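In numbering that gives the first Met the number 0, the protein residues as written are 0 to 237. Don't be surprised by glycine CBs; every beta carbon is placed ideally from N, CA and C. Being a predicted model, the structure only gives us computed values, none of them experimental. First the structure, in the form of structure tokens, and then the observations on it.
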Amino acid sequence: MSAAQSQSTLEAKLEALQCHFTWDLDPSRSKLFRLRDKLEDIGTVEGYNWLGHIYNLQGYIHYQLGFTDNARSFFSRAAEAFRQMRNTVSDEGPWLVVNYGNQAWLHYHQGEQAESQAYLSKVYALMTEYPSPSQDELHPEIYAEKAWTLMKFNREKKQLAADYFQRAIRMQPDMVEWQSSHVLALVNVFKHSNKNLSGDILEKMKIAKEHDPENLYLAALYLEACAMKGQKIEDEAQ
0 MSAAQSQSTL EAKLEALQCH FTWDLDPSRS KLFRLRDKLE DIGTVEGYNW LGHIYNLQGY
60 IHYQLGFTDN ARSFFSRAAE AFRQMRNTVS DEGPWLVVNY GNQAWLHYHQ GEQAESQAYL
120 SKVYALMTEY PSPSQDELHP EIYAEKAWTL MKFNREKKQL AADYFQRAIR MQPDMVEWQS
180 SHVLALVNVF KHSNKNLSGD ILEKMKIAKE HDPENLYLAA LYLEACAMKG QKIEDEAQ
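Written as structure tokens, this is what we have:
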């Protein structure tokens, strides 16, 4: 196989991956700068559980802005954050599929085909070892990260984010932070459509708040929603 054919084959394999480089995020440069700055503070709002996702998105944003070294650093920090968050016996798991895909793309864009292929092989190994519980769907870890990422973009993507969180939760219902973020995604959809929150969404917020008592952002949104509905919030604020 010629070098050109080899590169073309590698690119086709990379295009089939699930990662930030293939999710059609395509925001404007000004949006990227705003999002970069927002993500620097977001950890204090959304909590430590999303640190790996934050670093992954920061890595992609910095690459798109032309800061390749920063991108490489953020992708490395993301991988380490995932390992610490999951705190499992193995250092690797399905939560690294998106990160390894990002690193495969970064090496490819840098002309480092051997390194890109190495990360591609790591993705395949993880997908073989940790298949999705549902044969025709992505792994729930991928759905959750894709959903969290899309929440940061436009209204159409926020609706898709809510759908992806729902799919992830259906397959892996024990992830409290996914439940909370699913509710936040639904709230965002309502806010962008200028509609009042339905009683159903309010009830979902209440349940998510009870399951995730440390999520102060969710708690504040719930109290705000109750106040807008004219409900007494003294008891809720206790």
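(request) On a CA-only basis, which of Asn153, Phe189 and Val182 is nearest Ile206? Give me that one, please. (result) Here residue 206 corresponds to residue number 207 of the sequence shown, with the count starting at 1. For the residues Asn153, Phe189 and Val182, the minimum Cα distance to Ile206 belongs to Val182.
(request) Compare the Cα-Cα distances from Lys157 to each of Phe32, Ala184 and Gln178 and report the closest residue. (result) One-based indexing of the sequence shown puts residue 157 at position 158. It is Ala184 whose Cα lies nearest to the Cα of Lys157.
(request) Please list, in chain order, all residues of the same chain as Pro139 whose beta carbon is under 6 angstroms from its beta carbon, the five residues on each side excluded. (result) Taking the first residue of the sequence shown as position 1, residue 139 is located at position 140. The answer, listed in chain order, is Ala167, Met170 and Gln171.
(message) Quick check on DSSP: helix, strand or coil for Cys18?
(response) For the purposes of this step, residue 18 is taken as residue 19 along the sequence shown, with counting starting at 1. It is coil, neither helix nor strand.
(message) Taking the alpha carbon of Lys151 as the reference point, which residue from Leu38, Arg28 and Thr21 has its own alpha carbon closest?
(response) For the purposes of this step, residue 151 is taken as the residue at position 152 of the sequence shown. Ranking Leu38, Arg28 and Thr21 by Cα distance to Lys151 puts Leu38 first.
(message) Could you tell me the alpha carbon to alpha carbon distance between Ser55 and Tyr99, rounded to whole angstroms?
(response) In the sequence shown, residue 55 corresponds to position 56, counting from 1. In the sequence shown, residue 99 corresponds to position 100, counting from 1. In the sequence as displayed, the identity of residue 55 is Asn instead of Ser. C-alpha separation (whole angstroms): 10 angstroms.
(message) Taking its Cβ as the centre, do 16 or more other Cβ atoms sit within 10 Å of Pro93, making it buried, or is it exposed?
(response) Sequence index remark: in the sequence shown, residue 93 carries index 94 (1-based). Pro93 comes out buried.
(request) Reducing DSSP to helix, strand and coil, say where Met126 ends up. (result) Walking along the sequence shown from the start, residue 126 turns up at place 127. Of the three classes helix, strand and coil, the one that applies to Met126 here is helix, per DSSP.
(request) Give the secondary structure of Glu114 by DSSP, where H, G and I count as helix, E and B as strand, and everything else as coil. (result) Position 115 of the sequence shown holds residue 114. Glu114 falls in the helix class under three-state DSSP.
(request) Within the same chain, show all residues whose beta-carbon is closer than 8 angstroms to that of Leu34, passing over the 5 residues directly before and after it, in chain order. (result) Here residue 34 refers to the residue found at position 35 when the sequence shown is read from its first residue. Excluding positions up to five away in sequence, the list reads Pro26, Leu56, Ile60 and Lys151.
(request) Give every residue of the same chain whose Cβ lies closer than 7 angstroms to the Cβ of Thr21, excluding the five residues on either side of it in the sequence, and list them in chain order. (result) Counting from one through the sequence shown, the residue named residue 21 turns up at place 22. Contacts found: Glu14.
(request) Using a threshold of 9 angstroms, state whether the C-beta atoms of Ala143 and Ser89 are closer than that. (result) Here residue 143 is taken as the residue at index 144 of the sequence shown, counted from 1. Here residue 89 is taken as the residue at index 90 of the sequence shown, counted from 1. Cβ atoms of Ala143 and Ser89: not closer than 9 angstroms.
(request) Check whether the Cβ atoms of Arg28 and Leu64 lie closer than 9 angstroms to each other. (result) Taking the sequence shown and counting its residues from 1, one reaches residue 28 at position 29. Taking the sequence shown and counting its residues from 1, one reaches residue 64 at position 65. In contact: Arg28 and Leu64 (Cβ atoms closer than 9 angstroms).
(request) Apply the 10 Å Cβ neighbour rule to Glu223 and answer buried if 16 or more other Cβ atoms are within range, or exposed otherwise. (result) As a first step, residue 223 must be located in the sequence shown, where it is residue number 224. Counting Cβ neighbours within 10 Å, Glu223 comes out exposed, since fewer than 16 surround it.
(message) Using the three-state DSSP reduction, which class does Met174 fall into: helix, strand or coil?
(response) By one-based count along the sequence shown, residue 174 stands at place 175. Correct three-state label for Met174: coil.
(message) Give me, in chain order, the residues of the same chain whose beta-carbon lies closer than 7 angstroms to that of Asn187; leave out the 5 immediate sequence neighbours on both sides.
(response) Here residue 187 corresponds to residue number 188 of the sequence shown, with the count starting at 1. The answer, listed in chain order, is Met150 and Lys157.
(request) Classify Asp90 as helix, strand or coil using the three-state DSSP reduction. (result) Here residue 90 is taken as the residue at index 91 of the sequence shown, counted from 1. It is coil, neither helix nor strand.
(request) Find the nearest neighbour of Thr67 within the set Gln109, Cys18, Leu201 and Ser120, judged by alpha-carbon distance. (result) Reading the sequence shown from its first residue, position 68 is the one you call residue 67. Closest by alpha carbon: Gln109.
(request) Would you mind listing the alpha helix (DSSP H) stretches within the stretch 134-218 that are 4+ residues and don't spill past its ends, in chain order? (result) 139-149, 154-170, 175-191 and 198-210
(request) Report yes if the CB atom of Val97 is closer than 9 angstroms to the CB atom of Lys145, and no otherwise. (result) Numbered from its first residue, the sequence shown carries residue 97 at position 98. Numbered from its first residue, the sequence shown carries residue 145 at position 146. For Val97 and Lys145, yes; Cβs fall inside 9 angstroms.
(message) Quick check on DSSP: helix, strand or coil for Lys228?
(response) Locating residue 228 in the sequence shown gives position 229, where the first residue counts as 1. If DSSP states are grouped into helix, strand and coil, Lys228 belongs with coil.
(request) Go through its chain and collect everything with a Cβ distance to Asp211's Cβ below 8 angstroms, but skip five positions before and after it. (result) Reading the sequence shown from its first residue, position 212 is the one you call residue 211. Excluding positions up to five away in sequence, the list reads Val175, Glu176, Gln178, Ser179 and Leu217.
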